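Notes follow the structure.
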Amino acid sequence: MTPPKSSDLGGRLTRSGFVRAGVVSAAALSAGGAASLAPSRARAGAPSKGTVTRYPLHIPPATSPASLTLDEAPARLDLGGEQYSNVLAYNGSFPGPSIVASRGDAATIKLTNHLAEETITHWHGMVVDTANDGGPKLAIPPGGTYDYAFTVDQRACLNWYHPHPHMLTGEQVNLGLAGAFIVRDVEETALGLPFGAHEVPLIIRDATLDQTGNLQYKPRTGGFDGQIPLVNGTRSPYLAVDAGLYRFRVLNGANARIFGLALSNGMPFTLIGNDGGFLETQTAVSRIDLAPAERLDLLLSFAGLSVNQSVMLRDLRSGWDLLEFKMIAPGTGGVPTFALPSIDKLANPVFTRTFSFDGMSKINGKLYDMNRIDFQVPFGQTERWRFMTNGNAPHPVHVHGASFQVQSRTGGRGTTYPWEQGWKDTVLLEDNETVDVLIRFDKFRGDYLIHCHKLEHEDMGMMANFQVI
Ligand code: C2O
Ligand code: CU
Numbered sequence: 022m023t024p025p026k027s028s029d030l031g032g033r034l035t036r037s038g039f040v041r042a043g044v045v046s047a048a049a050l051s052a053g054g055a056a057s058l059a060p061s062r063a064r065a066g067a068p069s070k071g072t073v074t075r076y077p078l079h080i081p082p083a084t085s086p087a088s089l090t091l092d093e094a095p096a097r098l099d100l101g102g103e104q105y106s107n108v109l110a111y112n113g114s115f116p117g118p119s120i121v122a123s124r125g126d127a128a129t130i131k132l133t134n135h136l137a138e139e140t141i142t143h144w145h146g147m148v149v150d151t152a153n154d155g156g157p158k159l160a161i162p163p164g165g166t167y168d169y170a171f172t173v174d175q176r177a178c179l180n181w182y183h184p185h186p187h188m189l190t191g192e193q194v195n196l197g198l199a200g201a202f203i204v205r206d207v208e209e210t211a212l213g214l215p216f217g218a219h220e221v222p223l224i225i226r227d228a229t230l231d232q233t234g235n236l237q238y239k240p241r242t243g244g245f246d247g248q249i250p251l252v253n254g255t256r257s258p259y260l261a262v263d264a265g266l267y268r269f270r271v272l273n274g275a276n277a278r279i280f281g282l283a284l285s286n287g288m289p290f291t292l293i294g295n296d297g298g299f300l301e302t303q304t305a306v307s308r309i310d311l312a313p314a315e316r317l318d319l320l321l322s323f324a325g326l327s328v329n330q331s332v333m334l335r336d337l338r339s340g341w342d343l344l345e346f347k348m349i350a351p352g353t354g355g356v357p358t359f360a361l362p363s364i365d366k367l368a369n370p371v372f373t374r375t376f377s378f379d380g381m382s383k384i385n386g387k388l389y390d391m392n393r394i395d396f397q398v399p400f401g402q403t404e405r406w407r408f409m410t411n412g413n414a415p416h417p418v419h420v421h422g423a424s425f426q427v428q429s430r431t432g433g434r435g436t437t438y439p440w441e442q443g444w445k446d447t448v449l450l451e452d453n454e455t456v457d458v459l460i461r462f463d464k465f466r467g468d469y470l471i472h473c474h475k476l477e478h479e480d481m482g483m484m485a486n487f488q489v490i
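The opening position of the sequence shown corresponds to residue 22 in this note's numbering, with each subsequent residue numbered one higher.
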């Protein structure tokens with residue numbers, strides 16, 4: 022394997038994942054060796070000219086977090102059209118099983134590491150104590166296990182889970198390790214939203230397949246740039262729809278790619294929620310730019326399409342068709358107005374902290390050091406956190422341990438968007454932008470992380486430890 026150039030991701034990193042870097046495949050990781058250089062064959066992922074064969078959208082199995090055993094291991098799975106790929110999977114499923122919990126439920130989860138390197142799982146968006154947060158300090162070796170026990174106690178929302186080991190997160194997520202973690206509550210139940218086959222998780226990401234069709238991780242300092250889109254681990258997916266109302270639970274599960282989501286017929290999405298649950302108001306939006314780790318709760322009605330008519334979910338940035346909605350049972354219907362719950366507003370910050378996302382690997386001029394606490398935050402204090410960058414954006418900024426409320430964006434795009442209202446845990450920082458949020462840690466004292474969720478930036482060190490005291 023060619024050694025990485027100094028400009029490559031991991032040029033100065035020493036951990037096994039990055040020494041191997043350049044290219045890592047799921048097969049290589051499972052074997053703990055170098056990526057195989059199999060003889061060439063037509064690239065399985067290349068879009069063919071003309072008609073694209075589409076495959077049914079995969080829906081991951083749902084599971085409760087009670088007495089859950091979660092195994093991270095290599096698997097060989099059909100990504101569509103019976104073309105099998107080596108991936109890394111939670112419980113043999115890519116994406117991992119959708120964990121569905123109600124507020125108040127106990128989560129008791131035993132994680133086992135069947136990879137050839139260390140790992141740990143973080144519950145992105147779940148507000149839990151440090152021991153259950155799955156940060157890099159808690160990583161377990163190959164063959165190791167970790168027992169999580171926490172109470173699910175937050176608003177209904179779509180969270181997710183993924184590995185978070187030091188310098189290996191990008192690789193493990195990219196090779197397939199991620200899944201939805203859905204929280205339900207009585208406010209949600211009262212709304213009477215679509216459920217069952219009409220509530221559909223959509224984990225959207227990009228991927229690169231090697232010459233034998235296996236997922237392959239090729240990190241770049243500017244962020245992984247995959248060659249094809251996958252939705253729920255399905256290539257070129259379609260979903261057969263009827264005239265009923267649909268609720269889509271959308272996650273950008275990509276390492277680095279921002280999606281500009283829109284529908285091919287110009288129909289708007291009805292936006293009702295994001296990272297931290299429901300928004301206060303329902304808004305029609307025809308384009309949503311969604312950064313890695315951001316989530317959306319969208320309503321859509323396809324009533325009005327005739328049988329076999331299709332609408333495409335597209336990414337306006339890459340020009341990709343992400344998912345085809347194919348009408349099979351037309352009828353009448355529409356999107357009713359829902360009385361969404363109100364949100365307590367954070368106000369009157371007593372302190373402002375500034376975070377400068379510097380280059381591709383530093384926050385406030387510092388590389389991540391697992392053993393350094395970079396700052397302390399008083400428990401229960403409302404603070405203004407100001408995110409800025411001096412270049413190399415986009416940086417999707419993510420905070421563990423609490424959600425925040427976006428106040429303003431100055432410079433760059435100069436505005437905030439409907440999907441940035443309410444409670445967030447990840448916000449997109451583009452070049453020349455300053456984004457102010459209000460945040461208050463009022464659940465747990467302990468150690469948490471702030472980092473760029475472009476996973477290659479995170480792995481290179483754009484991350485800091487802080488302590489809620
Ligand atoms: Cu989704 Cu610290 O991560
Ligand atoms: Cu970044």
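Cβ coordinates follow ideal geometry from the N, Cα and C atoms, glycine included. Computed from a predicted structure; not experimentally measured.
> Regarding Phe378 and the ligand CU, is the C-beta to nearest heavy atom distance less than 7 Å?
Replying inline: Start at 1 with the first residue of the sequence shown, and residue 378 comes out as number 357. Yes; taking the cut-off as 7 Å, the Cβ of Phe378 has a heavy atom of the ligand CU nearer than that.
> Using a threshold of 7 Å, is the CB atom of Leu470 nearer than that to any non-hydrogen atom of the ligand C2O?
Replying inline: If you number the sequence shown from 1, residue 470 lands on position 449. Yes, since a heavy atom of the ligand C2O falls inside the 7 Å radius drawn around the Cβ of Leu470.
> Can you give the Cα-Cα distance for Arg405 and Val121, rounded to whole angstroms?
Replying inline: Here residue 405 corresponds to residue number 384 of the sequence shown, with the count starting at 1. Here residue 121 corresponds to residue number 100 of the sequence shown, with the count starting at 1. So the two alpha carbons sit approximately 32 Å from each other.
> Ala110: which of Ile364, Phe202, Leu136 and Leu449 sits nearest, CA to CA?
Replying inline: For the purposes of this step, residue 110 is taken as residue 89 along the sequence shown, with counting starting at 1. Nearest of Ile364, Phe202, Leu136 and Leu449 to Ala110, Cα basis: Leu136.
> Any heavy atom of the ligand CU closer than 7 Å to the CB of Lys383?
Replying inline: Translated into positions along the sequence shown, residue 383 becomes position 362. Result no, Cβ not under 7 Å from the ligand CU.
> By DSSP, does Pro118 sit in helix, in strand, or in coil?
Replying inline: The residue you call residue 118 lines up with position 97 of the sequence shown. DSSP places Pro118 in strand when its eight states are reduced to three.
> Among residues of its own chain, excluding the 5 on either side of Leu196, which ones have a beta-carbon nearer than 7 Å to its beta-carbon?
Replying inline: In the sequence shown, counting from the first residue as 1, residue 196 sits at position 175. Excluding positions up to five away in sequence, the list reads Ala47, Leu50, Val108, Leu109, Leu236 and Tyr238.
> Between the C-alpha atoms of Pro289 and Phe465, what's the straight-line distance to the nearest angstrom?
Replying inline: Locating residue 289 in the sequence shown gives position 268, where the first residue counts as 1. Locating residue 465 in the sequence shown gives position 444, where the first residue counts as 1. Straight-line Cα distance between these residues: approximately 39 Å.
> Can you tell which of Arg241, Leu320, Ala177 and Val73 has the C-alpha that lies nearest to the C-alpha of Val44?
Replying inline: Numbered from 1 along the sequence shown, position 23 holds the residue referred to as residue 44. Across the set Arg241, Leu320, Ala177 and Val73, the C-alpha of Arg241 shows the shortest separation from the C-alpha of Val44.
> From the DSSP output, which residues share a beta bridge with Pro417?
Replying inline: Residue mapping note: residue 417 aligns to position 396 of the sequence shown, counting from 1. Leu449.
>> Going by DSSP, what residue range makes up the alpha helix (DSSP H) through Leu198?
In response: Here residue 198 is taken as the residue at index 177 of the sequence shown, counted from 1. Where Leu198 is concerned, there is no enclosing alpha helix (DSSP H), given that its DSSP letter is neither H nor E.
>> Nearest by alpha-carbon distance to Thr74: which of Arg256, Gly164, Ser424 and Ala360 is it?
In response: The residue labelled residue 74 in the question sits at position 53 within the sequence shown. Arg256 is the residue among Arg256, Gly164, Ser424 and Ala360 whose C-alpha sits nearest the C-alpha of Thr74.
> Looking at Pro82 and Ser114, is the spacing between their C-beta atoms short of 8 Å?
Replying inline: In the sequence shown, counting from the first residue as 1, residue 114 sits at position 93. In the sequence shown, counting from the first residue as 1, residue 82 sits at position 61. By the CB criterion at 8 Å, Ser114 and Pro82 fall inside the cutoff.
> From Gln175 to Gly297, what distance separates their C-alpha atoms?
Replying inline: Within the sequence shown, the letter at position 154 stands for residue 175. Within the sequence shown, the letter at position 276 stands for residue 297. Here the alpha carbons of Gly297 and Gln175 stand approximately 9 Å from one another.
>> If you follow the beta strand (DSSP E) that Thr375 is in, where does it begin and where does it stop?
In response: Position 354 of the sequence shown, counting from 1, holds the residue named residue 375. Element bounds for Thr375: Phe372 to Asp379.
> When every heavy atom of the ligand CU is checked, does at least one fall within less than 7 Å of the C-beta of Met483?
Replying inline: One-based indexing of the sequence shown puts residue 483 at position 462. In terms of side-chain proximity, the C-beta atom of Met483 is found nearer than 7 Å to a non-hydrogen atom of the ligand CU.
> Between Gln397 and Phe487, is the Cβ-Cβ spacing less than 8 Å?
Replying inline: On the sequence shown, position 376 is the one that residue 397 refers to. On the sequence shown, position 466 is the one that residue 487 refers to. In contact: Gln397 and Phe487 (Cβ atoms closer than 8 Å).
> Relative to the ligand CU, is the shortest distance from any of its heavy atoms to the C-beta of Lys475 smaller than 7 Å?
Replying inline: Working through the sequence shown from its first residue, we reach residue 475 at position 454. Yes, the beta carbon of Lys475 sits closer than 7 Å to at least one heavy atom of the ligand CU.
> Is the beta carbon of Ala423 within less than 7 Å of some heavy atom of the ligand C2O?
Replying inline: To locate residue 423, count along the sequence shown from 1; it is residue 402. Every heavy atom of the ligand C2O is 7 Å or more from the Cβ of Ala423, so no.
> Who pairs with Gly281 in a beta bridge, going by DSSP?
Replying inline: What you label residue 281 is simply residue 260 of the sequence shown in a count that begins at 1. Paired residues: Asp310.
> Alpha carbon to alpha carbon, how far is Asp263 from Leu300?
Replying inline: The residue given as residue 263 occupies position 242 in the sequence shown. The residue given as residue 300 occupies position 279 in the sequence shown. Asp263 and Leu300 have their alpha carbons spaced roughly 26 Å apart.
> With respect to the beta strand (DSSP E) encompassing Ile110, which residues constitute its N-terminal and C-terminal limits?
Replying inline: For this step, residue 110 is matched to residue 89 along the sequence shown. The sequence shown places Ala at residue 110, rather than the Ile named in the question. Tyr105 to Tyr111 is the extent of the beta strand (DSSP E) around Ala110.
> Nearest-angstrom Cα distance between Met381 and Thr190?
Replying inline: Against the sequence shown, residue 381 aligns to sequence position 360. Against the sequence shown, residue 190 aligns to sequence position 169. Approximately 16 Å, taken between the alpha carbons.
> Which residue comes first and which comes last in the beta strand (DSSP E) that contains Glu93?
Replying inline: Counting from one through the sequence shown, the residue named residue 93 turns up at place 72. Segment Leu89 to Asp99, the beta strand (DSSP E) holding Glu93.
>> What residue range does the alpha helix (DSSP H) around Leu212 cover?
In response: By one-based count along the sequence shown, residue 212 stands at place 191. Where Leu212 is concerned, the enclosing alpha helix (DSSP H) stretches over Val207 to Leu212.
>> Measuring only the C-alpha atoms, how far is Leu367 from Tyr169?
In response: The count along the sequence shown starts at 1 and reaches residue 367 at position 346. The count along the sequence shown starts at 1 and reaches residue 169 at position 148. Computed Cα separation, rounded: 30 Å.
> Whose CA, out of Arg461, Glu454, Asp480 and Thr447, lies closest to the CA of Trp181?
Replying inline: Taking the sequence shown and counting its residues from 1, the one referred to as residue 181 is at position 160. Restricting attention to Arg461, Glu454, Asp480 and Thr447, the CA atom closest to the CA of Trp181 is found in Thr447.
>> Is His416 near the ligand CU - that is, is its Cβ less than 7 Å away from at least one heavy atom of it?
In response: Looking up residue 416 in the sequence shown gives position 395. Yes, the beta carbon of His416 sits closer than 7 Å to at least one heavy atom of the ligand CU.
>> Please state whether the Cβ-Cβ distance between Pro118 and Met391 is less than 8 Å.
In response: Taking the sequence shown and counting its residues from 1, one reaches residue 118 at position 97. Taking the sequence shown and counting its residues from 1, one reaches residue 391 at position 370. Taking 8 Å as the Cβ cut-off, Pro118 and Met391 do not qualify as a contacting pair.
> Taking the C-alpha atoms as reference points, what is the distance between Leu230 and Ala211?
Replying inline: Indexing the sequence shown from 1 puts residue 230 at position 209. Indexing the sequence shown from 1 puts residue 211 at position 190. Those two C-alpha atoms are separated by around 44 Å.
> When the Cα atoms are used, what is the spatial distance from Val456 to Tyr389?
Replying inline: Here residue 456 refers to the residue found at position 435 when the sequence shown is read from its first residue. Here residue 389 refers to the residue found at position 368 when the sequence shown is read from its first residue. As the crow flies, the alpha-carbon of Val456 is around 22 Å from that of Tyr389.
>> the ligand CU and His185: does any heavy atom of the ligand fall closer than 7 Å to the residue's C-beta?
In response: Here residue 185 refers to the residue found at position 164 when the sequence shown is read from its first residue. The ligand CU has no heavy atom closer than 7 Å to the beta-carbon of His185.
> Quick one: what does DSSP say Gly265 is sitting in, helix, strand or coil?
Replying inline: The residue you call residue 265 lines up with position 244 of the sequence shown. Three-state DSSP puts Gly265 in coil, outside helix and strand.
>> Could you check whether Leu450 and Ala485 sit closer than 8 Å to each other, using their CB atoms as the reference points?
In response: As a first step, residue 485 must be located in the sequence shown, where it is residue number 464. As a first step, residue 450 must be located in the sequence shown, where it is residue number 429. No. Outside cutoff.
> Leaving out the 5 sequence neighbours to the left and right, which residues in its chain are closer than 6 Å to Leu344 when beta-carbon positions are compared?
Replying inline: Indexing the sequence shown from 1 puts residue 344 at position 323. Taken in chain order, the residues that qualify are Val252, Pro258 and Leu334.
>> Taking the straight line between their C-alpha atoms, what separation do you get for Ile471 and Met348?
In response: In the sequence shown, residue 471 corresponds to position 450, counting from 1. In the sequence shown, residue 348 corresponds to position 327, counting from 1. Whole-angstrom Cα-Cα distance: 43 Å.
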